[in-house]
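Student: Before I ask anything, let me first share the structure, which is written out below as structure tokens.
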Amino acid sequence: DEILSLAFKNGRKLLMFKTAVSYLDSEYFDRARDLFRRIIRTDSLNTSAQFLFLFSSANYFYFKNMFTRALSLAERAADMKIDDNLKARYREPLKRLITDLAGEVKKKHV
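Everything in the sequence shown is counted per the numbering used here, starting at 5 for the first residue and increasing by one.
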């Protein structure tokens with residue numbers, strides 16, 4: 005723990021967050037969402053972790069062909085008020101995901 009505290013100001017929480025983001029960026033959506041969920045359990049006010057949990061979960065369910073659930077999660081993420089840097093980084097991928105999911109849901113109901 006002492007090494008973590010030296011390497012990362014917020015220690016374990018920050019390390020978990022950075023690891024979760026790395027999993028997300030590598031498209032390991034299941035691992036990313038699990039870590040974001042753990043972070044939220046210890047810090048329920050962490051809107052960045054909440055947003056990234058929703059975004060990684062939406063992608064996870066997209067690849068499980070659970071399009072309606074994925075779309076709901078993606079839309080919740082899009083509606084969140086989050087840090088501008090985080091929003092800028094994920095704005096386009098989130099828009100593409102919502103567009104793809106809306107198309108899949110529409111196909112399902114035709």
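All C-beta atoms, glycine included, are put in the ideal place defined by N, C-alpha and C.
Predicted model, so just to flag it, every value in this text is computed and none were measured.
Taking the straight line between their C-alpha atoms, what separation do you get for Met-84 and Phe-55?
Tutor: Position 80 of the sequence shown, counting from 1, holds the residue named residue 84. Position 51 of the sequence shown, counting from 1, holds the residue named residue 55. Between Met-84 and Phe-55, the C-alpha separation is close to 7 Å.
Student: Could you round the C-beta distance between Leu-28 and Ser-48 to whole angstroms and report it? I think they count as a contact, below 8 Å.
Tutor: Taking the first residue of the sequence shown as position 1, residue 28 is located at position 24. Taking the first residue of the sequence shown as position 1, residue 48 is located at position 44. No, Leu-28 and Ser-48 are not in contact; Cβ-Cβ is about 20 Å, not under 8 Å.
Student: Going by CA-CA distance only, name the one from Leu-58, Glu-31, Phe-33 and Asp-34 that's closest to Ile-44.
Tutor: Residue mapping note: residue 44 aligns to position 40 of the sequence shown, counting from 1. Nearest C-alpha to Ile-44: Leu-58.
Student: Output needed for Arg-93: all residues of its chain with C-beta closer than 8 Å, excluding positions within five of it in sequence on either side, in chain order.
Tutor: In the sequence shown, the residue the question calls residue 93 occupies position 89. Within the same chain, Arg-93 has no close Cβ partners at all.
Student: DSSP state of Glu-79, grouped into three classes?
Tutor: Here residue 79 is taken as the residue at index 75 of the sequence shown, counted from 1. Helix, per DSSP.
Student: For Leu-77, count neighbouring Cβ atoms within 10 angstroms of its own Cβ and tell me buried if that reaches 16, exposed if not.
Tutor: Here residue 77 corresponds to residue number 73 of the sequence shown, with the count starting at 1. So Leu-77 counts as buried.
Student: Tell me, to the nearest whole angstrom, how far the beta carbon of Leu-39 is from that of Thr-23; I am working on the premise that it is less than 8 Å.
Tutor: As a first step, residue 39 must be located in the sequence shown, where it is residue number 35. As a first step, residue 23 must be located in the sequence shown, where it is residue number 19. Indeed they touch by this definition, with Cβ atoms about 6 Å apart.
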